[in-house]
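Asks:
In the numbering used here, the protein residues as written are 140 to 241.
Here is the structure:
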């Protein structure tokens, strides 16, 4: 059995295609209800798309959290540097005031 370009465009492999042919010749079972084979394929693809979207969202949130933590660390480091610098400048200013007073 050969696959047509339309089948390939739908993403059907030879194994999937043979399953579809076998299922299409059988009466609907209680598992599938009244769904056609095409309905089942569409639902599976929608489910796959939903899973991919959820996983990509998870990865994006994880990356954003990592970026925020890095930004917070940089901000904290900048605050410490500025605080130490202000303290140093204040000590120098105080020493100069004491020397000028005496």
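All residues carry an ideal CB built from backbone N, CA and C; glycine is no exception.
Quick check on the DSSP output: the alpha helix (DSSP H) that includes residue 249 runs from which residue to which?
Replies: Not covered by the structure: residue 249. The range shown for the chain is 140 to 241.
Asks: Near residue 225, what residues of its chain come up, given a Cβ to Cβ distance below 6 Å and the 5 sequence neighbours on each side ignored?
Replies: As a position in the chain shown, residue 225 is number 86, starting the count at 1. None.
Asks: Please report the distance separating the alpha-carbon of residue 222 from that of residue 215.
Replies: Numbered from its first residue, the chain shown carries residue 222 at position 83. Numbered from its first residue, the chain shown carries residue 215 at position 76. If I take the Cα positions, the gap works out to 11 Å.
Asks: How about residue 174: is its Cβ closer than 7 Å to a heavy atom in the ligand PLP?
Replies: By its list of ligands, the structure shown contains no ligand whatsoever, and the ligand PLP lies outside what it can speak to.
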